[in-house]
Structures are given as C-alpha cells and as structure tokens.
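Engineer: So the protein lines, in turn, are chains A, B, C, D, E and F.
All the letters of the first sequence, read from the start, carry residue numbers 26 to 153 under our numbering.
All the letters of the second sequence, read from the start, carry residue numbers 26 to 153 under our numbering.
All the letters of the third sequence, read from the start, carry residue numbers 26 to 153 under our numbering.
All the letters of the fourth sequence, read from the start, carry residue numbers 26 to 153 under our numbering.
All the letters of the fifth sequence, read from the start, carry residue numbers 26 to 153 under our numbering.
All the letters of the sixth sequence, read from the start, carry residue numbers 26 to 153 under our numbering.
Using N, Cα and C, we set each Cβ at its ideal position, and we do this for glycine too.
6 protein chains.
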Amino acid sequence: MASPNPIEYSDASIEIREIYDEIKLARGIQDVSNFWKYLANDPVTLRRTWTSLKEIMGPGALDSLTKELIYIAVSATNNCAYCIRSHSASASSKGMTDAMFGELMAVVGMANETNKLVHGYQIPLDSP
Amino acid sequence: MASPNPIEYSDASIEIREIYDEIKLARGIQDVSNFWKYLANDPVTLRRTWTSLKEIMGPGALDSLTKELIYIAVSATNNCAYCIRSHSASASSKGMTDAMFGELMAVVGMANETNKLVHGYQIPLDSP
Amino acid sequence: MASPNPIEYSDASIEIREIYDEIKLARGIQDVSNFWKYLANDPVTLRRTWTSLKEIMGPGALDSLTKELIYIAVSATNNCAYCIRSHSASASSKGMTDAMFGELMAVVGMANETNKLVHGYQIPLDSP
Amino acid sequence: MASPNPIEYSDASIEIREIYDEIKLARGIQDVSNFWKYLANDPVTLRRTWTSLKEIMGPGALDSLTKELIYIAVSATNNCAYCIRSHSASASSKGMTDAMFGELMAVVGMANETNKLVHGYQIPLDSP
Amino acid sequence: MASPNPIEYSDASIEIREIYDEIKLARGIQDVSNFWKYLANDPVTLRRTWTSLKEIMGPGALDSLTKELIYIAVSATNNCAYCIRSHSASASSKGMTDAMFGELMAVVGMANETNKLVHGYQIPLDSP
Amino acid sequence: MASPNPIEYSDASIEIREIYDEIKLARGIQDVSNFWKYLANDPVTLRRTWTSLKEIMGPGALDSLTKELIYIAVSATNNCAYCIRSHSASASSKGMTDAMFGELMAVVGMANETNKLVHGYQIPLDSP
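(1) Taking the alpha helix (DSSP H) that LEU87 of chain B belongs to, which residues open and close that run?
(2) Buried or exposed: which applies to ARG52 of chain A, given that a residue is buried once 16 or more other Cβ atoms fall within 10 Å of its Cβ?
(3) Under 8 Å between C-beta atoms, does ASP67 of chain C make it to chain E?
(4) Are the CB atoms of ARG158 of chain A and SER118 of chain D nearer to each other than 8 Å?
(5) Using a Cβ-Cβ cut-off of less than 7 Å, list which residues of the stretch 99-120 of chain F approach chain B; keep chain order.
(6) Start and end of the alpha helix (DSSP H) containing ILE41 of chain F?
(7) Name the chain A residues whose beta carbon is nearer than 8 Å to that of GLN147 of chain F?
(8) Residues of chain F with a CB under 9 Å from the CB of LYS141 of chain A: which are they?
(9) Consult DSSP for MET121 of chain D and reduce its assignment to one of helix, strand or coil.
(10) Between ILE95 of chain B and chain A, is any beta-carbon pair separated by less than 8 Å?
(11) Taking only the alpha-carbon atoms, compute the straight-line gap between MET26 of chain B and MET121 of chain F and give it to the nearest angstrom.
(12) Would the stretch 125-135 of chain C and the stretch 89-97 of chain D be scored as touching if the rule is three or more Cβ pairs under 8 Å?
(13) Among B:GLU47, B:GLU40, B:VAL57, which residue has its Cα nearest to the Cα of GLU33 of chain B?
(14) Going along chain A, which residues have a C-beta under 8 Å from SER77 of chain D?
(15) Could you check which residue in C:SER38, C:MET125, C:ILE148 has the C-alpha nearest to that of GLY85 of chain D?
(16) Consult DSSP for PRO68 of chain C and reduce its assignment to one of helix, strand or coil.
(17) Which of the three DSSP states is assigned to ILE158 of chain E in this structure?
(18) With a cut-off of 8 Å on the beta carbons, I'd call ASN104 of chain E and ASN104 of chain C a contact; round off their distance for me.
(19) Measuring alpha carbon to alpha carbon, tell me which residue in A:ASP123, A:LYS92, A:ILE109, A:TYR146 is nearest LEU129 of chain B.
(20) Consider the Cβ of SER38 of chain C: report whether some Cβ of chain E lies at a distance smaller than 8 Å.
(21) Would you kindly work out how many angstroms separate the C-alpha atoms of SER38 of chain B and TRP75 of chain B, rounded to a whole number?
(22) Is ILE41 of chain F buried or exposed, if buried means 16 or more other CB atoms sit within 10 Å of its CB?
(23) Answer yes or no: does any C-beta atom of chain E fall closer than 8 Å to that of GLY127 of chain A?
(24) Assign ILE54 of chain F to one of two classes, buried (16 or more other C-beta atoms within 10 Å of its C-beta) or exposed (fewer than that).
(25) Taking DSSP as the reference, what is the three-state secondary structure of ASP56 of chain D?
(26) Would you report the Cα separation of HIS112 of chain F and GLY145 of chain A, rounded to the nearest angstrom?
(27) What do you get for GLU138 of chain F, buried or exposed, if any count of 16 or more other CB atoms within 10 angstroms of its CB means buried?
(28) Distance check for ILE44 of chain D and SER152 of chain C, CA to CA, integer angstroms please.
(29) Give every residue of the same chain whose Cβ lies closer than 7 Å to the Cβ of TYR63 of chain F, excluding the five residues on either side of it in the sequence, and list them in chain order.
(30) Cβ closer than 9 Å: which chain F residues qualify as neighbours of THR70 of chain B?
(31) Hey, how far is the Cα of MET82 of chain D from the Cα of TRP61 of chain D?
(32) Closer than 9 Å by beta-carbon distance: list the chain A residues that pair up with ASP88 of chain C, in chain order.
(33) Tell me, to the nearest whole angstrom, how far the beta carbon of GLN147 of chain D is from that of ALA106 of chain E; I am working on the premise that it is less than 8 Å.
(34) Any C-beta of chain B sitting closer than 8 Å to the C-beta of SER58 of chain D?
(35) With DSSP run on the structure shown, which of helix, strand or coil describes SER35 of chain F?
Here it is as structure tokens:
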C-alpha cells in the first residue's frame, strides 16, 4: 500500500458504514470527508479516532470555537494543510471571523519565533 | 559566545534599561524574566520582540486568555519548556483553570496525532 | 538555483552515471528515481547519500522491512510525502501488508500525541 | 497551573485509582510511572490515553517489539527524552539488543537527513 | 475564512497600498508576491512583518547572502516550499551559486541527522 | 539499553580508538566529546558520521564559519541544546562574534515565524 485509497460508503463494510452514519448524523452532512475515508483502511483507528475526537472537541471547560482555534494553531505549526482547512471551516461555522483568524495566525507566528529564540539562546527557567 | 549570559539591569546599557523599565511597568513586576535578559544580548531583537509581543498579545478580536492558550499549544508542539511555563503562568493569571489546561492539552495531543495521520495516509484535500 | 532541476542519465557526467548505474543494478530498476536525479546537482552529496543508505538499510540486527517501517514513521512525523511514498513502496515489496501499514500509522499517531502531552505537562523522568 | 503536579495513588480519586490499578496489573508493576501521574490531572485524558495505548501497542499485524521501535523513532525525531527512555525500557524488556538500538538510531538519523534534503531540493513525486 | 484569498493592489485599502508601494520600491519589483497579498488579510501583521524583515535581513554583522542561506536552512528544516523558493531566488540574486546551494543542503541534511542522533542517544552536555 | 553510556578511550576497541585518534588529531583536542563517545555504541555509525562530517564541514563553496552558522540555525529550529552549544563553540573559534550570533538568532526566529504564517495562510507559490 504505497498509496492508500479512500473507502467510499458503497464499498464499505457494515462496521465502517455504522461509523460513517454516526459521523454524518452528528455533523449533519451527506458524506464523510476524506479524513474518515482514508482512516477507514484501518477500522480500529477509524473508530478510536472518531470516539476520541467526539470526547475531546465538544464544549467543556473550553468552548468549541476555542478548541478549533487551538487545533488550527497546532496544524499550522505542523504544516498540515488538510487539517488547517478542515478545522478553519469548522471554526468559521462556530463563529470565527476573519479578524479572529488574523490574530490567531499572528500569535502562532510569534510563538514559533520566540520558541526558537528560547532554544537558540538556551534560556534557562526563571527561578520561582 | 557558545553560551550567552543574561544581562542584569545593573549591567545594562541605557537603551536596554529603558526597555526593561517599560516591560516592568506594563507587567507590574520587579524584575524582567530570563527571556528578556538573554535577548538583551541583541538590543535590536530585544526591542523588536517586545514591541511585537505587545502588539500581538493584547485583547482584540480574540481575548488575552485565548491568545495565551494558543501560545501554549504552539509551545507544547515545539517542546519549549520555558515558553510553556511562562505562558501557563500568564494564562493562569488571566483565568485559566486546571480543567481548561487539561482540555487544552487534550486538543493539542489529538491535533498532533491527526496531523501525522493525515501526512502518513497522504490524505488529499476534499473537493469543495 | 531557486528551483533545482533533475539530472537525467543522458545529461549526466561520467561520475554521476557510475552512481546511477550502481543504484540501478542494486535495485534492479531501469531508471533512478527523482531523489537521485535531484541530489545529482551535488555529486558529493549524491555519492555520500547512496553509500550511507546502502550501509544503513540492508539487513543486520534489524531486518530490512523493519527498517523501512521506521523510515516511514520518521517521514510521516516530518511530513515528507515523497519519502512516505517511496519507502512505502519499498516496504510493500518487502512484505508490508495493509494491516501492517494501518498499525504503523496508529503507533505513529499515538507517539506524536503522547510526545506532545509529555512536553505540555512537563513530565520529568522517572527516578530509576 | 503553570506547573502541573503528579497525583500519587494515595491522593487519587476512586476513578483514577481504578485506572492506576488496571495499569499496574497489566504491566506487573508496583506503581505507575510519572506519565500516568501527570495525565491524572485530567481523568478523561488519563482514561482515553490508557485505553488507546492498550489497543494500539499490543501484538497484531506488527509484533510488540516492532511497535516499540517505531515509538522510539518518532520520539527521537520529536526530541521527547521521557518517551525515548520509557519506550527504550519497554523495547529492551521485549528483546531489543544494543545492536538493534544502534541500527534504529542509524535509520532515524538517515531518514531525518533525507526528509530534509527532499524538502530543500523540492523533489517532486516520481511519475507512476 | 477556511481558505484566505490574496488581496490585489486594485482591491487594497490605502493602508495596505502604502505598504505594497514601500515593498515594491525597496525591492524594485512591479507587484508584491503572494506572501504579502495573503498577509494583507491582517494589515497589522502585514506591517509588522515587513518592518521586521527589513530590520533583520539587511547587511549587518552578517552579510545579506549569509542571512538568506540561514533562512533557507530553517525553511528546509520546516518544509516550507514557498519560503525555500522565494529565499533561494533572493539568495541567487545576491550571488548564491549552484555549488553553494549544494553545500548548504548538505549541511542542513547532516545537522538534521545529528540533531536526532543526539536526541535518540540522549547525549548530555560536555562538562566545560 | 534504555539509557546508552559513553564509551571512554580506555574501554574502547581498537576500531573505535582509531577513529577517536583521528578526531583528536584533526581537531587538536585531548579527548573526544560526548557526541563521539555515545555514537561509539555503534561503531558503524561512529565511522560514517565522522567521515560525513569531515566531508561536509570543511571549506568549499561556503567557508567553514558559514557552515557552522547554518548548523546552529538548524539546531535551534530542532531544539538540540547539545548541538547549539558545540557548534557555537566551533563557530566562535572560527570568528563568530556576539553581534553575528545575535543576527543569526534574529534570522532563525523570523524564518520560523514566516514559515508558519505561510503554512497557516496556505500561501500558494507565485506564478513564475
């Protein structure tokens, strides 16, 4: 499998279809995105990832929009274009404005800069 | 300079002292942290970094606490212990609870996991 | 050289052709892949990289397939699509099944997640 | 919580103790490691991480030792000293020899080198 | 804004046009590159980034070409194709030859390899 | 080998001593650094790494100091404290001043910032 293929609903096993159905219902969408279709090559990972994301991304001590912003921050740092795009879409649907995205990027850029300055200058922890 | 040294206020030039004073006033602290004392080895970088952080981290379309959470998310992804600790202290002072920190970490961990799954499975962008 | 070009066999120097021939013979292929054609812009790096890979990737204390799996794990972590694809092809030819690839990705995803949790929570080494 | 603290068994809630007990039983150890004691600050993450690791790291299409080697490869790439150490201990207990560790490191080093050469030379995918 | 759009001169505000004009004048170009057109979605970041780059990238204790080489080294390590390409173009215009690019890549590859060997072997600092 | 140990000259095999001697002679030092003592756990990697570094780091199209600066840039980006320190020592011995180190760090910080802005804004390549 040098290059995995997406598994469409019509070709999926009963086990995979049940997860697809659950995702479609939870998100109110007609078809699951490529992320799920590729993970379906390993149904155990498909189920665990869906279960984990449901548990993590819902509102709790942090609201859902803040969680999406954090997700984008990590994804930009890791250069995951797919993740930036899909979580930006989620964030927009939850209220992220263009101004918020701009400030998010500004913080991400600055944090990456100062992280590396700290490494380069070998700055030790402040004494408490 | 295989190993830069911190520049204490008492040893600092007028130019550096002015920036230290500005930081101390803005933050209500007695002494600047190691981050600034090390950057002071290059006064141009010291000034630019302080000016940039002031511009970026204040409240805007995103509130200050959300910006601190994003900063921690990037710093955990980049393994910058100093940055995690200093921005966690800022976040705590702005209202971050233990439950919020726990959820922040959960999102950061999950985002790093799915970022790499997307890379590994070479998942293409969804057609619009 | 804002954008390096591949060096085809027909345009290559004697020195480069000798290395191409060696690679083709060792791998039983008609033409070397883009990786080698681009490295050929620097014949010293071309030769060193080929010599190093030959020394490292052959069977030893670890078998060749395990080494390919490790190569993919690093490449997914670093988001190197070219490397994931070429080493997945090698791994498949050495016996990697779809199920093995799925488990490989699961471990890579989880390791990236817990690596960042360890950073974020600043977890110290266990006392021995 | 600028600096989270480990939660010892004696201070843990019933919910956390149950997970600690499960880990201790599964691994045949007297006390859980710092990793679990820090994650216990967020019991939801503690449970999910334990459940996920159990599901992923057991033998399947890949044997347990190979999975540990992959875990170390990712952890070395991400510079997670805690993870390298704990998974090296697991790998050793499952049969990793010094020679195997040496070859693992050689592959990890080489993969990181060629990943970056591919990025730097902007090497395009080979046509199929 | 799941997918930001570039802001062309004809659609730009007065504030943005002034920065575009300054960049065009400083660089002797007819139109700014995509980098600036995308950052223009956040005029504060546009201005700060331009001001910072002007301050940093001019000749000082290090000449401009050396700074471009360093920029490429970081960008190859971070897998930023856009940055590699644009700074390689700048470096070429300042005198980078093909041989220099080849040696730059060789150092970048080797540094990434030994960085990870140091992490993997957990090599402690030498005593002074 | 959860935690590799350094191999001192007095405990080293003939094969390893020969490489240590070569390094000591080339660098004019009394004892090799920890880097070599840890790599000596795998003599094949020890020899290959020494041979490669000799080939790469000597003066060529780029002078030795520039190569050390590039090495530091990558090591700061990757957070390798050992590498930053050892290559800063080498760079200092070859003429790196404090002002040069400061500018190096400024470029490294800025490059890391703009690399991530490019990822986050998903900036496409400029048309040629």
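Structural biologist: In short:
(1) Position 62 of the second sequence, counting from 1, holds the residue named residue 87 of chain B. For LEU87 of chain B, no alpha helix (DSSP H) run applies, since DSSP gives it neither H nor E.
(2) Here residue 52 of chain A refers to the residue found at position 27 when the first sequence is read from its first residue. ARG52 of chain A comes out exposed.
(3) One-based indexing of the third sequence puts residue 67 of chain C at position 42. The Cβ of ASP67 of chain C sits closer than 8 Å to at least one Cβ of chain E.
(4) Nothing in the structure corresponds to residue 158 of chain A, since chain A is present only between 26 and 153.
(5) Answer in chain order: ASN104, ARG110, SER113, ALA114, SER117.
(6) On the sixth sequence, position 16 is the one that residue 41 of chain F refers to. 39-52 is the span of the alpha helix (DSSP H), which, as asked, contains ILE41 of chain F.
(7) Here residue 147 of chain F is taken as the residue at index 122 of the sixth sequence, counted from 1. What GLN147 of chain F touches in chain A: ALA106, ILE109, ARG110.
(8) Looking up residue 141 of chain A in the first sequence gives position 116. Neighbours of LYS141 of chain A on chain F, chain order: ALA101, THR102, ASN104, MET130, VAL133, GLY134, ALA136, ASN137, GLU138.
(9) Stepping through the fourth sequence from its first residue, residue 121 of chain D is reached at position 96. Assigned with DSSP and collapsed to three states, MET121 of chain D falls in coil, not helix or strand.
(10) Numbered from 1 along the second sequence, position 70 holds the residue referred to as residue 95 of chain B. Yes, ILE95 of chain B lies at the interface with chain A (some Cβ there is under 8 Å from its Cβ).
(11) Looking up residue 26 of chain B in the second sequence gives position 1. Looking up residue 121 of chain F in the sixth sequence gives position 96. Here the model assigns MET26 of chain B a pLDDT of 45, short of 50, so the residue's position is not dependable, and the following value carries that caveat. Near 8 Å, if we compare the C-alpha coordinates of MET121 of chain F and MET26 of chain B.
(12) Counting Cβ pairs under 8 Å, three or more are found: they touch.
(13) Position 8 of the second sequence holds residue 33 of chain B. Taking each of B:GLU47, B:GLU40, B:VAL57 in turn and checking the Cα distance to GLU33 of chain B, the smallest one comes out for B:VAL57.
(14) In the fourth sequence, the residue the question calls residue 77 of chain D occupies position 52. In chain order, ARG73, SER77 make up the part of chain A whose C-beta sits under 8 Å from the C-beta of SER77 of chain D.
(15) Stepping through the fourth sequence from its first residue, residue 85 of chain D is reached at position 60. That would be C:MET125, whose Cα lies nearest to the Cα of GLY85 of chain D.
(16) Taking the third sequence and counting its residues from 1, the one referred to as residue 68 of chain C is at position 43. The three-state secondary structure of PRO68 of chain C, taken from DSSP, is helix.
(17) Past the boundaries of the shown model lies residue 158 of chain E; chain E is included only from 26 to 153, so the question cannot be answered.
(18) Here the question's residue 104 of chain E lines up with position 79 in the fifth sequence. Here the question's residue 104 of chain C lines up with position 79 in the third sequence. With a Cβ gap of about 6 Å, ASN104 of chain E and ASN104 of chain C count as contacting.
(19) Counting from one through the second sequence, the residue named residue 129 of chain B turns up at place 104. Minimum Cα distance to LEU129 of chain B is reached at A:LYS92.
(20) Reading the third sequence from its first residue, position 13 is the one you call residue 38 of chain C. Not one chain E Cβ lies under 8 Å of SER38 of chain C.
(21) Locating residue 38 of chain B in the second sequence gives position 13, counting from the first residue. Locating residue 75 of chain B in the second sequence gives position 50, counting from the first residue. Looking at the two C-alpha atoms, the distance is approximately 17 Å.
(22) Numbered from its first residue, the sixth sequence carries residue 41 of chain F at position 16. Buried, since its Cβ has 16 or more Cβ neighbours within 10 Å.
(23) Position 102 of the first sequence, counting from 1, holds the residue named residue 127 of chain A. By this cut-off, GLY127 of chain A is an interface position.
(24) Taking the first residue of the sixth sequence as 1, we reach residue 54 of chain F at position 29. With fewer than 16 Cβ atoms within 10 Å of its Cβ, ILE54 of chain F is classed as exposed.
(25) For the purposes of this step, residue 56 of chain D is taken as residue 31 along the fourth sequence, with counting starting at 1. Coil.
(26) Translated into positions along the sixth sequence, residue 112 of chain F becomes position 87. Translated into positions along the first sequence, residue 145 of chain A becomes position 120. So the two alpha carbons sit approximately 11 Å from each other.
(27) Reading the sixth sequence from its first residue, position 113 is the one you call residue 138 of chain F. Its Cβ being crowded by 16 or more others within 10 Å, GLU138 of chain F is buried.
(28) As a first step, residue 152 of chain C is located in the third sequence; it is residue number 127 there, counting from the start. As a first step, residue 44 of chain D is located in the fourth sequence; it is residue number 19 there, counting from the start. For SER152 of chain C and ILE44 of chain D, the distance between alpha carbons rounds to 21 Å.
(29) Here residue 63 of chain F refers to the residue found at position 38 of the sixth sequence. Result list for TYR63 of chain F: PRO29, PRO31, in chain order.
(30) What you label residue 70 of chain B is simply residue 45 of the second sequence in a count that begins at 1. What THR70 of chain B touches in chain F: GLY127, GLU128, MET130, ALA131, GLY134.
(31) The count along the fourth sequence starts at 1 and reaches residue 82 of chain D at position 57. The count along the fourth sequence starts at 1 and reaches residue 61 of chain D at position 36. Roughly 16 Å between the two C-alpha positions.
(32) Locating residue 88 of chain C in the third sequence gives position 63, counting from the first residue. The contacting residues do not exist; ASP88 of chain C stays about 19 Å from chain A at best.
(33) Residue mapping note: residue 147 of chain D aligns to position 122 of the fourth sequence, counting from 1. Residue mapping note: residue 106 of chain E aligns to position 81 of the fifth sequence, counting from 1. Right, the Cβ-Cβ distance comes to about 6 Å (below 8 Å), so this counts as a contact.
(34) Taking the fourth sequence and counting its residues from 1, one reaches residue 58 of chain D at position 33. Closer than 8 Å: no.
(35) Numbered from its first residue, the sixth sequence carries residue 35 of chain F at position 10. DSSP places SER35 of chain F within a helical segment (H, G or I) once states are collapsed to three.
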